[in-house]
Structures are given as structure tokens and as C-alpha cells.
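Colleague: Taking our numbering, I'd label the letters of the sequence shown as residues 1 to 259.
Take a look at this one; I'll ask things after.
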Amino acid sequence: MATTAGQTPGGTTAPRPLTFEEIDDLIYSARLGDVDALRTDITSLSQKYNCASSDIIQSAIDMEDESQGGTGACLLHWPAANGNIETLNYLLSLLLTPTQTPPQTTTSTQTSQDPAARAATAVNPIINHRNNSGNTPLHWAALNTHLECVKALVHAGADIATKNSAGHDAVFLAERSEWTALPADDEKEGEGEAEVTLNGVGEDEGKGEGEARGPLSKGMQVVEWLLGCEEGEGLERGAGVSGSGDGDEGLMDGVEGGN
């Protein structure tokens with residue numbers, strides 16, 4: 001099965017023609033957060049096709065027809081959406097170029113890469129892969145308020161300013177999680193899938209105006225980090241807003257469906 005994934009950084013290797021079953025197995029393991037199964041399958045496939053592990057990741061795109069629940073998502077989308085930082089870090093580690101260092105998510109030790117060095121570092125295009133709705137793994141991590149996944153993706157080269165097909169960036173989606181209610185279409189999209197949740201405002205959040213402000217919610221932690229990190233310089237709160245929340249139908253498209 002051919003994919004639309006790009007080439008490996010600095011290389012000319014084309015994505016491998018993985019079979020539907022091979023892609024399906026990889027996606028299933030990525031959704032479950034089964035690192036051992038992913039490691040076994042990626043290693044086996046890289047030997048089978050005589051290629052790098054990164055080539056396998058680039059080739060494992062959900063290309064099933066949208067009418068059958070296809071999402072166009074890559075392997076990174078699933079752990080990003082589900083908050084499986086171990087799985088996400090494992091996949092990202094296979095995508096790093098020799099000049100990059102593994103993503104760090106520990107708050108006390110995390111520092112941004114020097115801008116000049118980052119500009120000279122080739123970022124694997126799969127990190128910014130857009131699914132059928134134009135959402136990157138970072139969009140899904142931000143929407144679900146998984147801060148550690150957001151950090152890992154940004155430090156691996158995810159573009160914070162990228163907007164989805166509805167014109168919304170990761171900052172907007174993290175802010176959106178603060179809204180007391182999502183559009184009906186988006187609420188329906190999240191039904192029936194326990195592994196992915198939209199961590200919005202809790203029952204007690206947003207109450208008691210005038211009372212002492214409590215700790216930042218998960219959504220606002222993501223917003224503040226994105227706006228404060230070096231990679232987010234120049235972004236503004238709500239920068240992705242283009243009128244209202246309309247147009248985000250299918251934002252987490254296919255997440256509730258099995259693959």
C-alpha cells in the first residue's frame with residue numbers, strides 16, 4: 001500500500017509499500033501504547049524491506065477510505081492523542097537525525113534547542129504529517145491537553161504555527177478544551193472511545209468567579225507552555241481563531257473507530 005509520507009531527512013529513500021495488514025498492526029499497537037509490539041514489528045519490517053526504522057514509520061499511514069473510517073493519520077497521532085508519552089518518545093527516537101538529541105519532557109531539565117542549530121537540523125516530515133482534517137500529531141496532543149506529548153513533539157520539530165483545515169493551530173485547540181461545551185458534532189466524534197478523551201472543563205472548573213484562582217487547568221498549561229517556549233515566539237493566544245469554532249467537524253475523526 002503506497003502512502004503520502006515524505007522522504008527521510010537528508011535521504012532519498014521512498015516510503016515502503018507496506019501491506020494493509022502490516023499498517024493495521026502498527027496502528028493498533030500505536031493506539032494501545034504497546035511499545036514492545038511496535039519495537040518487534042518495526043524491527044521485523046525494517047529487516048524485511050531492508051530499510052531504516054524511520055522509513056517504516058513514514059510508511060505507516062492510515063490510508064483506508066474515509067467512508068470506512070480512514071483518518072489519514074500516522075503512527076505519531078495515536079500516542080499523541082492518548083497521552084502515551086513512552087510510545088511517542090520511542091517513535092520519535094527512531095526519527096531523529098544524527099544531529100538531534102532525544103526529546104526531553106522533564107520540566108526541570110528541558111531546554112529549547114538553539115534557533116540556529118534547530119534551523120540547520122533536518123526535521124523528519126512525518127512529525128508534521130497532516131491527517132485528512134489537516135491535524136498534525138501536535139494538534140491532537142494539544143486538543144487532549146497532554147502537555148508532555150506536546151513538549152516532546154515540539155522539541156522534535158513539530159511546527160506550532162501549523163493550522164488544520166479549519167484554520168486552527170495547536171494553541172487554539174488547547175484553549176478550546178476550556179470551553180464548557182463542544183459543538184455537537186465534536187461531542188459525537190468522541191463517543192464510544194474510552195482510550196481518547198477530550199479533557200475539557202471539569203464539573204467544578206469555571207465556577208465561583210471572584211474566588212482565588214486555583215492551579216492552571218491542563219488545557220491552560222498547554223497554552224501557557226506553547227506561548228512561552230522558544231519555538232512559540234510570536235504566537236498569540238487564540239492565534240488560530242477564524243471567527244468561531246465552526247468548521248472543526250471531524251477534528252478527532254476516526255479516533256472512535258477501530259483499526
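We treat Cβ as the ideally placed atom computed from N, Cα and C, and that holds for glycine.
Rounding to the nearest angstrom, what Cα-Cα distance links G228 and G167 in this structure?
Modeller: Start at 1 with the first residue of the sequence shown, and residue 228 comes out as number 228. Start at 1 with the first residue of the sequence shown, and residue 167 comes out as number 167. Taking the straight line from one Cα to the other gives about 22 Å.
Colleague: Sort D55, P137 and T71 by Cα distance to H77 and report the nearest one.
Modeller: Taking the sequence shown and counting its residues from 1, the one referred to as residue 77 is at position 77. Answer by Cα proximity: P137.
Colleague: Can you give me the Cβ contacts of D25 inside the same chain, cut-off strictly under 7 Å, excluding the 5 residues immediately before and after it?
Modeller: Sequence index remark: in the sequence shown, residue 25 carries index 25 (1-based). Cβ neighbours of D25 beyond the five flanking positions: D41.
Colleague: Ignoring anything shorter than 4 residues, give me the alpha helix (DSSP H) runs that lie fully in the stretch 67-91, in order along the chain.
Modeller: Here the runs fully enclosed are 77-82.
Colleague: Do L216 and C149 have their C-beta atoms closer together than 8 Å?
Modeller: Within the sequence shown, the letter at position 216 stands for residue 216. Within the sequence shown, the letter at position 149 stands for residue 149. No. Outside cutoff.
Colleague: Output the distance between the C-alpha atoms of Y90 and L32, rounded to the nearest integer angstrom.
Modeller: The residue labelled residue 90 in the question sits at position 90 within the sequence shown. The residue labelled residue 32 in the question sits at position 32 within the sequence shown. If you take the alpha carbons of Y90 and L32, they lie about 14 Å apart.
Colleague: Tell me the DSSP secondary structure of K163 in three-state form.
Modeller: On the sequence shown, residue 163 is found 163 positions in, with the first residue counted as 1. Coil, per DSSP.
Colleague: When you measure from the CB of M63 to every non-hydrogen atom of the ligand MG, does any distance come out below 7 Å?
Modeller: Among the ligands in the structure shown, none appear at all, so the ligand MG cannot be discussed.
Colleague: How would you write the range of the alpha helix (DSSP H) that W179 sits in, first residue to last?
Modeller: In the sequence shown, the residue the question calls residue 179 occupies position 179. It is not in any alpha helix (DSSP H) - W179 carries neither H nor E in the DSSP assignment.
Colleague: Taking the continuous alpha helix (DSSP H) assigned at A30, which residues delimit it?
Modeller: The count along the sequence shown starts at 1 and reaches residue 30 at position 30. That run of the alpha helix (DSSP H) goes F20 to L32.
Colleague: Out of V223, R39 and E21, which has the shortest C-alpha to C-alpha gap to A142?
Modeller: Numbered from its first residue, the sequence shown carries residue 142 at position 142. Closest option to A142, Cα to Cα, is V223.
Colleague: Can you tell me whether DSSP reads L96 as helix, strand or coil?
Modeller: Walking along the sequence shown from the start, residue 96 turns up at place 96. In the structure shown, L96 sits in coil (DSSP, three-state: anything other than H, G, I, E or B).
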